[in-house]
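Engineer:
There are 2 protein chains.
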Amino acid sequence: MQKKSSATIYDVAHRVGVSLATVSRVVNGNNNVRESTKRKVLDAIEELGYHPNAVARGLASKKTTTIGVVMPDVTDMYYSELARGIDDVANMYHYDVLLTNTDEDPVRETMAVNNLASKQVDGIIFMGNELEREVLNTIAGVDAPVVLAGSVDGEGKLPSVNIDYVEAIKEATTAVIKNGHDRVAIVTGPITHAINSLHRIVGYKAALEDMQIAFDETLLFATHQDYAAGLQVAEKIVSAGATAVIAYDDEVAVGIMNYLRDNGKRIPEDFEIITSNDTKFTLVTRPEVTSIGQPKYDIGAVAMRMLTKLMNNEIIDDTQIKLPHTLERRGTTRN
Amino acid sequence: MQKKSSATIYDVAHRVGVSLATVSRVVNGNNNVRESTKRKVLDAIEELGYHPNAVARGLASKKTTTIGVVMPDVTDMYYSELARGIDDVANMYHYDVLLTNTDEDPVRETMAVNNLASKQVDGIIFMGNELEREVLNTIAGVDAPVVLAGSVDGEGKLPSVNIDYVEAIKEATTAVIKNGHDRVAIVTGPITHAINSLHRIVGYKAALEDMQIAFDETLLFATHQDYAAGLQVAEKIVSAGATAVIAYDDEVAVGIMNYLRDNGKRIPEDFEIITSNDTKFTLVTRPEVTSIGQPKYDIGAVAMRMLTKLMNNEIIDDTQIKLPHTLERRGTTRN
DNA sequence: ATGGGTATTGTAAGCGTTTGCAAATTGTTT
DNA sequence: AAACAATTTGCAAACGCTTACAATACCCAT
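As you go down the protein sequences, you meet chains A and B in turn. Throughout, the working numbering is defined as the position within the first sequence, counted from one, plus 9. Throughout, the working numbering is defined as the position within the second sequence, counted from one, plus 9.
1. Less than 8 Å between the beta carbons of residue 60 (chain B) and residue 177 (chain B), yes or no?
2. How would you list, in chain order, the residues of chain B whose beta-carbon sits under 7 Å from the beta-carbon of residue 129 (chain A)?
3. Could you tell me whether any Cβ in chain A is nearer than 8 Å to the Cβ of residue 224 (chain B)?
4. So which residues on chain A does residue 138 (chain B) lean against when the C-beta distance must stay under 7 Å?
5. What does a CB cutoff of less than 8 Å around residue 15 (chain A) pick up in its chain, not counting 5 residues either side in sequence?
6. Mind checking the segment 275–299 of chain B against chain A and listing, in chain order, the residues whose C-beta falls within less than 8 Å of any C-beta there?
7. Should residue 300 (chain A) and residue 258 (chain A) be called a contact, given that it needs their Cβ atoms to be closer than 8 Å?
8. Please report how far the alpha carbon of residue 313 (chain A) lies from the alpha carbon of residue 165 (chain A), in whole angstroms.
9. I need the boundaries of the beta strand (DSSP E) containing residue 331 (chain A), first residue and last residue.
10. Could you give the distance in angstroms between the alpha-carbon of residue 18 (chain B) and the alpha-carbon of residue 291 (chain B)?
11. By Cβ distance below 7 Å, which residues in the same chain neighbour residue 25 (chain A) in space, the five residues on each side in sequence not counted?
12. Quick one: what does DSSP say residue 286 (chain A) is sitting in, helix, strand or coil?
13. In chain B, what lies closer than 7 Å to residue 84 (chain A) by C-beta?
14. Starting from the N-terminal side, write out each stretch of the alpha helix (DSSP H) that is 4 residues or longer and does not extend beyond the segment 237–310 of chain B.
15. Suppose the cutoff is 6 Å on Cβ atoms and the five residues either side in sequence are ignored; what does the same chain contact list for residue 105 (chain B) look like?
16. For a cutoff of 8 Å on Cβ pairs, would you count residue 37 (chain B) as touching chain A?
17. Starting from residue 75 (chain B), follow the alpha helix (DSSP H) in both directions and report where the run begins and ends.
18. With a floor of 4 residues, list each alpha helix (DSSP H) that falls wholly inside the segment 148–193 of chain B, ordered by position along the chain.
19. Closest to residue 188 (chain B) by CA distance: which of B:21, B:30, B:22 and B:344 is it?
20. What residues match up with residue 224 (chain A) in a beta bridge as DSSP calls it?
21. Suppose the cutoff is 7 Å on Cβ atoms and the five residues either side in sequence are ignored; what does the same chain contact list for residue 118 (chain A) look like?
22. Beta-carbon of residue 142 (chain B) versus every beta-carbon of chain A: anything under 8 Å?
23. For a contact defined as C-beta to C-beta under 9 Å, what are the partners of residue 73 (chain B) on chain A?
24. Use the C-beta contact count for residue 72 (chain B): other C-beta atoms within 10 angstroms, 16 or more gives buried, fewer gives exposed.
25. If you check the beta carbons only, do residue 256 (chain B) and residue 265 (chain B) fall under 8 Å apart?
26. Is there a C-beta anywhere in chain A that falls below 8 Å from the one on residue 20 (chain B)?
27. For residue 124 (chain B), which residues in chain A fall below 8 Å Cβ to Cβ?
28. So with Cβ pairs under 8 Å, would you call residue 270 (chain A) a contact of chain B?
29. Report the neighbours of residue 263 (chain A) on chain B: residues whose CB is nearer than 8 Å to its CB, in chain order.
30. Measure how close the beta-carbons of residue 151 (chain B) and residue 122 (chain B) come, nearest whole angstrom, since I'm counting them as under 8 Å.
31. Three or more C-beta pairs closer than 8 Å, one from the segment 306–325 of chain B and one from the segment 273–289 of chain B: is that the case here?
32. Report, in whole angstroms, the separation of the C-beta atoms of residue 195 (chain B) and residue 303 (chain B), which I expect to be a contact under 8 Å.
33. Specify, as a first and last residue, the run of the alpha helix (DSSP H) that residue 105 (chain B) falls within.
34. By the three-class DSSP mapping on this structure, what secondary structure does residue 231 (chain B) have?
35. Give the range of the beta strand (DSSP E) segment to which residue 336 (chain A) is assigned.
36. Is residue 173 (chain A) close to chain B, meaning its C-beta is less than 8 Å from at least one C-beta of that chain?
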């Protein structure tokens with residue numbers, strides 16, 4: 010049972026009869042302390058139930074051993090898996106994580122970054138579909154390193170960890186085309202977002218071109234990122250004459266599938282679906298849904314690892330990391 | 010464009026020609042400042058791009074405006090929804106959230122709480138299925154208020170926000186019995202956990218008793234909390250002769266359902282299922298799964314609101330809050 | 001013993017704010 | 001114009017710890 014009002018470094022120093030500096034040294038694992046005094050200090054610490062005050066430590070050392078994570082929504086399976094990867098390696102390196110949900114609102118993203126900066130975090134991991142100018146500017150103004158996880162910025166200057174979205178979508182699109190479809194729809198988020206216009210759509214078009222199929226703008230759909238959106242866009246996809254779809258979000262994909270099945274379509278016989286995030290949603294449905302496979306946990310973990318290096322001023326060869334993706338063929342594609 | 014090395018309160022005081030105290034006052038919205046000087050200070054702050062250093066502020070004021078959240082796993086939909094509720098009201102009251110995943114490991118829970126304490130958080134919200142003695146003790150040793158969200162402690166002394174688990178399970182069980190089942194299985198987590206032995210099983214038995222059905226121990230199952238576990242336990246449930254099941258976790262429930270359907274059972278004609286958490290999983294499958302309805306977001310939000318009061322030393326009439334639950338009848342029950 | 005080098009330990013100046021209390025300024029009242 | 005009360009400010013001491021730099025202590029070879 011420890012006493013409520015905690016002891017300070019002064020108390021233990023006084024107790025042992027040494028200076029604050031010495032106590033500080035043993036607490037911080039500094040070797041320049043005689044073994045015998047180290048023992049005495051350690052004992053006193055034990056007896057007094059002393060725990061260093063991290064705030065004071067932060068003020069004095071200018072390091073908080075805390076990083077900030079800015080994400081759209083913890084509730085979104087895709088991001089929460091990245092977050093888990095981040096948190097695990099953060100702990101591994103003894104960092105704590107300050108979490109902020111932004112719902113992708115640039116205003117909140119900006120506030121979050123500024124807030125984290127004033128809390129003196131040692132680094133920030135940023136996730137979100139789009140990096141607006143404004144947000145990019147405030148990130149540039151922060152003096153803690155920032156790395157993007159599962160997110161691209163148009164200019165491609167910030168350190169980041171992703172998969173190759175162009176290639177991934179291209180492969181998925183090619184796969185359904187090879188299964189005989191010549192009208193494959195693609196649903197993404199707003200085309201104003203770089204990740205859609207500069208990556209997903211590009212990959213999609215590349216596949217079409219490779220397979221000698223003319224691009225048809227009416228096969229492009231942009232939706233919100235949830236189940237209801239999938240339910241809604243499904244009908245439009247069908248009436249556009251598509252017989253397959255590449256979706257950017259698993260909930261959307263499942264929404265599309267359920268709408269189609271509820272309306273008599275057979276999957277995959279009548280219609281094929283490939284989604285992008287490979288979250289648990291894809292395994293839970295019948296049929297299970299074919300998906301681009303993303304190492305979500307690893308994206309987070311690698312981003313965090315990179316951040317530790319940055320915070321440590323280590324030199325990094327490549328700051329734009331692309332992790333390998335796969336195509337997990339399941340029940341919503343014939344092949 | 011703000012300068013990198015940020016200005017301190019001293020800089021703005023110097024710039025305006027007032028004392029630190031005055032700047033501090035305007036920054037903190039203290040009224041005892043002449044309107045005209047407040048303006049000047051505000052201007053200087055603007056020009057210098059001054060942002061208060063939260064760490065220094067924390068040291069001086071002994072308040073960090075940061076709370077800690079200890080949870081099993083961000084990746085678990087149930088908890089992440091609670092977390093979202095927590096985060097939203099935390100922001101509303103200008104608190105930041107320090108997040109820790111514990112995977113329900115008592116050792117890590119203990120470390121997390123201690124770590125948060127040394128980071129001087131103003132309060133803690135704890136989530137987890139079971140509060141071991143050890144964890145309870147360290148919580149007692151922390152001088153920041155702690156509230157439990159979606160979690161019960163055997164002794165029931167800590168402030169908490171939950172639903173009435175006994176009643177909820179009782180209703181669910183009664184519902185399937187009324188649909189004609191006399192052998193309904195129940196799957197929970199370890200019976201060593203209070204929430205199972207003291208709540209869920211109790212509710213289950215109460216329903217049996219009410220409906221004059223003898224309790225049969227072979228209908229009790231304990232599993233891990235994931236899809237695979239559901240797949241595995243399903244067979245045992247069937248061979249135990251059950252024709253309905255009450256599950257404590259949505260992934261488990263879906264696992265059970267998929268196993269059964271893949272093996273020729275018709276749901277709900279041949280077998281009924283009710284789950285407990287009402288996450289998105291229940292809506293995404295076909296049929297959709299009947300579930301106890303829990304106000305997950307609200308549990309988090311209310312817990313956080315309560316924490317703000319505690320941190321503010323306000324008097325609270327009831328510290329053991331039970332929020333209303335429902336029974337969402339969907340496709341895995343006939344009625 | 002003595003000198004020199006190394007291993008230990010202590011000193012004290014921050015780190016950027018808050019805040020109780022005192023000093024100064026301004027406004028009222030008579 | 002003096003006296004007194006509010007209002008506004010400024011002073012300076014914390015807050016609990018880190019960290020150059022200085023001071024001591026200790027060990028060994030001479």
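A virtual CB, placed ideally from N, CA and C, is assigned to each residue, including glycine.
Structural biologist: According to the structure data:
1. Going by C-beta atoms, residue 60 (chain B) is not nearer than 8 Å to residue 177 (chain B).
2. 62, 63 and 64
3. no
4. Going along chain A, no residue has its Cβ under 7 Å from residue 138 (chain B), so there is no contact; the nearest lies around 18 Å.
5. 58, 59, 60 and 62
6. So the close ones are 289, 290, 292, 293, 294 and 295.
7. Against a cut-off of 8 Å, the Cβ pair of residue 258 (chain A) and residue 300 (chain A) comes out as no contact.
8. 18 Å
9. Its beta strand (DSSP E) spans residues 329–332.
10. 53 Å
11. 49, 50 and 53
12. coil
13. Within chain B, the residues near residue 84 (chain A) are 89, 90 and 93.
14. For the segment 237–310 of chain B, the full-length alpha helix (DSSP H) segments reaching 4 residues or more read 259–271 and 290–293 along the chain.
15. 75
16. no
17. Where residue 75 (chain B) is concerned, there is no enclosing alpha helix (DSSP H), although the beta strand (DSSP E) it sits in stretches over 75–80.
18. Whole alpha helix (DSSP H) segments, 4+ residues: 174–187.
19. B:344
20. According to DSSP, residue 224 (chain A) bridges with nothing at all.
21. 79, 111, 137 and 144
22. no
23. 64 and 128
24. With fewer than 16 neighbouring CB atoms inside 10 Å of its own CB, residue 72 (chain B) falls in the exposed class.
25. yes
26. no
27. Under the 8 Å cutoff, chain A gives 105.
28. Closer than 8 Å: yes.
29. 293
30. The beta carbons of residue 151 (chain B) and residue 122 (chain B) sit about 6 Å from each other, so the pair counts as a contact at 8 Å.
31. no
32. At roughly 17 Å, the Cβ-Cβ gap does not stay under 8 Å, so residue 195 (chain B) and residue 303 (chain B) are not in contact.
33. Segment 105–110 is the beta strand (DSSP E) holding residue 105 (chain B); no alpha helix (DSSP H) there.
34. strand
35. 335–337
36. With 8 Å as the cut-off, residue 173 (chain A) does not count as an interface residue toward chain B.
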